[in-house]
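As you go down the protein sequences, you meet chains Z and A in turn. The numbering used here applies: residue 7 is where the first sequence begins, and numbers increase by one. The numbering used here applies: residue 7 is where the second sequence begins, and numbers increase by one.
There are 2 protein chains.
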Amino acid sequence: MDLLVPFDAVEPKTRLAPVLDADERSAFALAMLRDVLDALRRADREPTVLATAALDAVDATVVVDDRSLDAAVNDRLDGETAVVMADLPLIGPTTVADLFAPDADVVLAPGLGGGTNAFVARHPDFEVDYHGASIRDHRRIAREAGLDVAEVDSRRLATDVDEPADLAELLLHGEGRAVEWLADADVSLSIEGGRVGVERR
Amino acid sequence: MDLLVPFDAVEPKTRLAPVLDADERSAFALAMLRDVLDALRRADREPTVLATAALDAVDATVVVDDRSLDAAVNDRLDGETAVVMADLPLIGPTTVADLFAPDADVVLAPGLGGGTNAFVARHPDFEVDYHGASIRDHRRIAREAGLDVAEVDSRRLATDVDEPADLAELLLHGEGRAVEWLADADVSLSIEGGRVGVERR
Numbered sequence: 007m008d009l010l011v012p013f014d015a016v017e018p019k020t021r022l023a024p025v026l027d028a029d030e031r032s033a034f035a036l037a038m039l040r041d042v043l044d045a046l047r048r049a050d051r052e053p054t055v056l057a058t059a060a061l062d063a064v065d066a067t068v069v070v071d072d073r074s075l076d077a078a079v080n081d082r083l084d085g086e087t088a089v090v091m092a093d094l095p096l097i098g099p100t101t102v103a104d105l106f107a108p109d110a111d112v113v114l115a116p117g118l119g120g121g122t123n124a125f126v127a128r129h130p131d132f133e134v135d136y137h138g139a140s141i142r143d144h145r146r147i148a149r150e151a152g153l154d155v156a157e158v159d160s161r162r163l164a165t166d167v168d169e170p171a172d173l174a175e176l177l178l179h180g181e182g183r184a185v186e187w188l189a190d191a192d193v194s195l196s197i198e199g200g201r202v203g204v205e206r207r
Numbered sequence: 007m008d009l010l011v012p013f014d015a016v017e018p019k020t021r022l023a024p025v026l027d028a029d030e031r032s033a034f035a036l037a038m039l040r041d042v043l044d045a046l047r048r049a050d051r052e053p054t055v056l057a058t059a060a061l062d063a064v065d066a067t068v069v070v071d072d073r074s075l076d077a078a079v080n081d082r083l084d085g086e087t088a089v090v091m092a093d094l095p096l097i098g099p100t101t102v103a104d105l106f107a108p109d110a111d112v113v114l115a116p117g118l119g120g121g122t123n124a125f126v127a128r129h130p131d132f133e134v135d136y137h138g139a140s141i142r143d144h145r146r147i148a149r150e151a152g153l154d155v156a157e158v159d160s161r162r163l164a165t166d167v168d169e170p171a172d173l174a175e176l177l178l179h180g181e182g183r184a185v186e187w188l189a190d191a192d193v194s195l196s197i198e199g200g201r202v203g204v205e206r207r
């Protein structure tokens, strides 16, 4: 089974701009990618990074495709293929095993907010559409193709890091390069009025 | 093992005020409570509702304790006790089984934002402190008492419904009374600029 990790190598994680500048966002995105690659390898999976531009800073096979995410992924869904997003620094080898465990044509891992953070497709008729609330589209696409679908119930797979509030989840539950990078950048948890956020010294 | 479901029967879910008025918040909170009680019973667990005021609208044993949540729960942690919050309408019997599965003194189910949405305590030395990022306090309390801790990785257990944005998760993934109540109240998903939220007609 092919295992792809899409990665925006040009301008990643723009929604973190309130906390990190452009160079920092690139470095942090790379730290998250490395955490994801580690988790996959520790689960005995061999990932290929599907990057929007050349990337020599990771120890993995990198394929460059500068088209849209939908086009780049759909072009590679001919055989059995899994896709795991690069901004899931909370996943570990157990989480990866949970993703591959269900014996279904399509296994979907919903992200918070309606995204699809990972999937396993064992049938060539599945295809992706990442716009909007993609988890609903992916359920529909699988159903219309007559495929059976399983969903993985994992907070770790559901937590993609896009916005400052998501950094709080990483600080609360993370271990690895990305959370160490945040600590080095003096990003820490803040608690105001019972709500958890982040602050930077 | 005792199984408690704390419930604010006086003024529940105030942070949903931007979408629901006070009577609606009470009705919706009750629909979520019933979904939670259903999930627990379908997993062959017998819950007791720990309510802040009398409540005759649910088909379960209700114990009234108008003290703070910490005081009311800690007073009842003498034997083996589990606590599951009443605002987790995404849980089902499988999720409940996952919560009780780990063989540890204390099993914690983190909520998004640092809360503790459910736990199983099999040792009387565990106690709760729900203020702030309680998952960190609960890890510390268990560690300082020399107890071994397991954590459950579940998006469904992690999704407590407190704010309008949380309603989107229920609309995306829910089934049962709470999501039906929302549909009847004309609350539906909205998608703006790739972000998922809710709107009310």
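Every residue gets a Cβ at the ideal spot worked out from N, C-alpha and C, and that includes glycine.
So residue i contacts chain Z; which residues on that side make the cut at Cβ distance below 8 Å?
i, result
"residue 101 of chain A", "159"
"residue 116 of chain A", "161, 178, 179"
Tell me the rounded alpha-carbon separation between residue i and residue j.
i, j, result
"residue 27 of chain A", "residue 93 of chain A", "17 Å"
"residue 133 of chain A", "residue 124 of chain A", "13 Å"
"residue 148 of chain Z", "residue 130 of chain A", "48 Å"
"residue 46 of chain Z", "residue 168 of chain Z", "21 Å"
"residue 54 of chain A", "residue 38 of chain Z", "42 Å"
"residue 81 of chain A", "residue 143 of chain Z", "47 Å"
"residue 36 of chain A", "residue 103 of chain A", "23 Å"
"residue 207 of chain A", "residue 193 of chain A", "7 Å"
"residue 128 of chain A", "residue 84 of chain A", "9 Å"
"residue 62 of chain Z", "residue 70 of chain Z", "11 Å"
"residue 42 of chain A", "residue 56 of chain A", "13 Å"
"residue 135 of chain Z", "residue 73 of chain Z", "14 Å"
"residue 120 of chain A", "residue 65 of chain Z", "33 Å"
"residue 178 of chain A", "residue 176 of chain Z", "24 Å"
"residue 145 of chain A", "residue 12 of chain Z", "34 Å"
"residue 19 of chain Z", "residue 40 of chain Z", "15 Å"
"residue 191 of chain Z", "residue 31 of chain A", "41 Å"
"residue 150 of chain A", "residue 183 of chain Z", "27 Å"
"residue 208 of chain A", "residue 139 of chain A", "Limits of chain A in this structure are 7 at one end and 207 at the other, which puts residue 208 of chain A out of reach."
"residue 122 of chain A", "residue 79 of chain Z", "37 Å"
"residue 185 of chain A", "residue 101 of chain A", "18 Å"
"residue 141 of chain A", "residue 189 of chain Z", "19 Å"
"residue 17 of chain Z", "residue 75 of chain Z", "14 Å"
"residue 137 of chain A", "residue 77 of chain A", "12 Å"
If the cut is a Cβ gap below 9 Å, which residues of chain Z does residue i touch?
i, result
"residue 152 of chain A", "Ordered by position in chain Z, no residue passes the 9 Å Cβ test against residue 152 of chain A, which lies about 22 Å from the chain."
Looking at chain Z, is there any beta carbon in it that lies within less than 7 Å of the beta carbon of residue i?
i, result
"residue 15 of chain A", "no"
"residue 119 of chain A", "yes"
When you compare the CB of residue i with every CB in chain A, is at least one pair closer than 7 Å?
i, result
"residue 164 of chain Z", "yes"
Quick one: which chain A residues come within Cβ less than 9 Å of residue i?
i, result
"residue 248 of chain Z", "As shown, chain Z starts at 7 and ends at 207. That puts residue 248 of chain Z outside it, with no answer to give."
"residue 141 of chain Z", "178, 179"
At a CB-CB cut-off below 8 Å, which residues of chain A make contact with residue i?
i, result
"residue 174 of chain Z", "119, 120"
Within the same chain, show all residues whose beta-carbon is closer than 8 Å to that of residue i, passing over the 5 residues directly before and after it, in chain order.
i, result
"residue 174 of chain Z", "195, 202, 203, 204"
"residue 105 of chain Z", "88, 90, 113, 115, 124, 126, 158, 160, 163"
"residue 33 of chain A", "187"
"residue 172 of chain Z", "165, 166"
"residue 197 of chain Z", "203"
"residue 60 of chain A", "15, 68, 70"
"residue 29 of chain Z", "none"
Please work out which residues of its chain come closer than 7 Å, Cβ to Cβ, to residue i, disregarding the five sequence neighbours upstream and downstream, and give them in chain order.
i, result
"residue 180 of chain A", "95, 96"
"residue 156 of chain Z", "108, 110, 113"
"residue 7 of chain A", "86, 87, 88"
"residue 99 of chain Z", "45, 48, 49"
"residue 153 of chain A", "111, 112, 129, 131, 132"
"residue 21 of chain A", "168, 169"
Please return the same chain residues whose Cβ sits closer than 6 Å to the Cβ of residue i, not counting the five positions on each side in sequence.
i, result
"residue 14 of chain A", "58"
"residue 118 of chain Z", "164"
"residue 51 of chain A", "9"
Worksheet item: Along the segment 190 to 205 of chain A, what residues have a CB closer than 8 Å to any CB found in chain Z?
Response: 195, 197, 200, 201, 202
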